[in-house]
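Residue numbers (this note's numbering), protein chains in the order written: chain F, 1 to 194; chain H, 1001 to 1305. Virtual Cβ for every residue (Gly too), placed ideally from N, Cα, C. None of the values given here were measured: they were computed from a predicted structure. Beneath this line is the structure, given in structure tokens, with notes to follow.
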């Protein structure tokens, strides 16, 4: 049962982290709540695979950075349309968080994939696909991000096209976690029946 | 080393290159302070009116540091108001327009002077710095008693290809003693001013929308090389009922002058048969259009200076 509970917590945690729920510009469910749930879920899942523990280490870093984010000056919003001295620092900060997130998702997907084998090959294949899509899309995002400092906004609006694959990658990931909770729980239940 | 590791190293290197390259280029483009463009203005100071001078400058895209206030170094006691507006936005910079205003009571104090000249501004920036900057040459002459008009304006026009014309009907016999304009040495061949006299209105008086000097058929009567004022021998007798056309065309500068703003005047000095002299003014203006590469070129030149 704890596997399903942990994956459900992970599911809600990732939902809060990957999607921003805002009223105007106010983030009503800050990321640190999401990362708190993710860290707690991964702590439980560490018992079934070492990769989840590795993912937890990166999630702890992200939890700390999301705390710092709370105290950031709102005028230095990285998503501001105007590149400036004051947007560079949050941009670097955001890139570092992006790299940590990629590592966290890598180990999370690897943990699911290896836990799913050999009984749930389809789940393992989904974990591999979700991991690859997430890493490729987020790598491109990280690669293009600094160009926003130098390329005119009209050209850089192409960056917006990347939002669609990013969204798809996040949906795939959340779907994977939901499915893993259901299927791996069954697997562990049947193991414990013996 | 396995293939996967090599790919990872290559991807990490590419990512580092993207960040280091973009950050280095971004910081290399930053301006420590706004860059003022040169403005060459000749205008009239009117009594009971505020004086507003329009200047242009380039600032970082985030508009830091920007202008906070300005003073006139050669007119220390004059209080100057400043308003700024965004004129155009580029990838790293914004071209802004600054309107410097001097209130009416202070302007009235200048009316007894021959002229007021401004070539420098003391600018206070938002980062706390203060600097005296060159802004070109701005001359305002107080309005003297208005001349008796010897011309009737019949047509005028200007084009975004830096040309313009004005046509007058001369309603009494006159002598044109001279046609002159300011900043001749600076402008050289870049500005061509033409004067022509005929008994009929020009094509342009009938169709003022076409001022393109490339459409020579239509433009030949106002951009005729034989009618350049620099080649014209004065004085010229003009009969009543004649049409007098003055026109100008800025040619391709191909140098830093093309980045300056010009709002100057040509003066047609005339004398009537009674011996009365008049000065008919004709405004000549040039407003550069900046593309991305031009803005970068201006900044490069200023850094070299």
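Local Cβ density within 10 Å of residue i, reported as buried at 16 or more and exposed below that
i, result
"residue 1004(H)", "exposed"
"residue 1034(H)", "buried"
"residue 68(F)", "exposed"
"residue 2(F)", "exposed"
"residue 105(F)", "buried"
"residue 1217(H)", "The predicted position of residue 1217(H) is uncertain, since its pLDDT is 46 and thus under 50; a value taken from the coordinates is nonetheless stated next. Label assigned to residue 1217(H): exposed."
"residue 118(F)", "exposed"
"residue 160(F)", "exposed"
"residue 1188(H)", "exposed"
"residue 1260(H)", "buried"
"residue 1020(H)", "exposed"
"residue 1129(H)", "exposed"
"residue 1032(H)", "exposed"
"residue 1163(H)", "buried"
"residue 9(F)", "buried"
"residue 1150(H)", "buried"
"residue 1136(H)", "buried"
"residue 193(F)", "Residue placement at residue 193(F) is flagged as unreliable, the pLDDT there being 46, under the threshold of 50; the coordinate-derived value follows with that caveat. So residue 193(F) counts as exposed."
"residue 167(F)", "exposed"
"residue 1249(H)", "buried"
Integer Cβ distance of residue i from residue j, believed to fall under 8 angstroms
i, j, result
"residue 1012(H)", "residue 1057(H)", "Actually they do not touch by this definition, with Cβ atoms about 42 angstroms apart."
"residue 174(F)", "residue 18(F)", "7 angstroms"
"residue 1181(H)", "residue 1228(H)", "Rounded, the Cβ-Cβ distance is 12 angstroms, inconsistent with contact."
"residue 183(F)", "residue 107(F)", "Contact flag wrong, Cβ pair sits at about 19 angstroms."
"residue 1044(H)", "residue 1174(H)", "Contact flag wrong, Cβ pair sits at about 22 angstroms."
"residue 1140(H)", "residue 1075(H)", "Contact doesn't hold; Cβ gap of about 11 angstroms is too wide."
"residue 38(F)", "residue 70(F)", "No, residue 38(F) and residue 70(F) are not in contact; Cβ-Cβ is about 17 angstroms, not under 8 angstroms."
"residue 42(F)", "residue 29(F)", "Their Cβ separation, rounded to whole angstroms, is 19 angstroms, which puts residue 42(F) and residue 29(F) out of contact at 8 angstroms."
"residue 1167(H)", "residue 1231(H)", "Not confirmed; about 20 angstroms, so no contact."
"residue 1095(H)", "residue 1295(H)", "7 angstroms"
"residue 1170(H)", "residue 1240(H)", "6 angstroms"
"residue 101(F)", "residue 62(F)", "6 angstroms"
Coarse secondary structure for residue i, derived from DSSP in three states
i, result
"residue 1123(H)", "strand"
"residue 11(F)", "helix"
"residue 1295(H)", "helix"
"residue 1009(H)", "helix"
"residue 1087(H)", "strand"
"residue 1252(H)", "coil"
"residue 48(F)", "coil"
"residue 1115(H)", "coil"
"residue 1039(H)", "strand"
"residue 66(F)", "helix"
"residue 1233(H)", "coil"
"residue 1032(H)", "coil"
"residue 1273(H)", "coil"
"residue 1281(H)", "strand"
"residue 1104(H)", "helix"
"residue 151(F)", "coil"
"residue 1243(H)", "strand"
"residue 1016(H)", "helix"
"residue 1079(H)", "coil"
"residue 120(F)", "coil"
"residue 1153(H)", "strand"
"residue 1002(H)", "coil"
"residue 1054(H)", "strand"
"residue 61(F)", "helix"
"residue 100(F)", "helix"
"residue 1137(H)", "strand"
"residue 1144(H)", "coil"
"residue 1166(H)", "strand"
Within chain F, partners of residue i - CB distance below 7 angstroms
i, result
"residue 1025(H)", "150"
Per-residue contacts from residue i into chain H (C-beta, under 8 angstroms)
i, result
"residue 88(F)", "1023, 1026"
"residue 139(F)", "1011, 1015"
Partner residues on chain H for residue i, Cβ-Cβ distance less than 7 angstroms
i, result
"residue 142(F)", "1015"
Neighbour list for residue i in chain H, Cβ cutoff strictly below 9 angstroms
i, result
"residue 147(F)", "1018, 1022"
Residue-chain proximity (residue i, chain B), Cβ-Cβ < 9 angstroms
i, result
"residue 92(F)", "Checking the listed chains, one finds no chain B in this structure; the protein chains it contains are F and H."
Check whether the region 1076 to 1086 of chain H touches the region 1098 to 1107 of chain H, counting contact only when three or more Cβ pairs, one atom from each stretch, lie closer than 8 angstroms. The region 1076 to 1086 of chain H vs the region 1098 to 1107 of chain H: in contact.
Under 8 angstroms, with one C-beta from each stretch per pair, do the region 121 to 134 of chain F and the region 88 to 96 of chain F reach the 3-pair mark? No, the region 121 to 134 of chain F does not touch the region 88 to 96 of chain F.
How about the region 1014 to 1026 of chain H and the region 1118 to 1126 of chain H: do they share at least three Cβ pairs that are nearer than 8 angstroms? The region 1014 to 1026 of chain H is not in contact with the region 1118 to 1126 of chain H.
Is the number of C-beta pairs between the region 1251 to 1258 of chain H and the region 1277 to 1285 of chain H that are closer than 8 angstroms three or more? Because the criterion of three Cβ pairs below 8 angstroms is not met, the region 1251 to 1258 of chain H and the region 1277 to 1285 of chain H do not touch.
Between the region 1058 to 1076 of chain H and the region 1153 to 1165 of chain H, can you find at least three pairs of beta-carbon atoms closer than 8 angstroms? They do not touch, by the three-pair rule.
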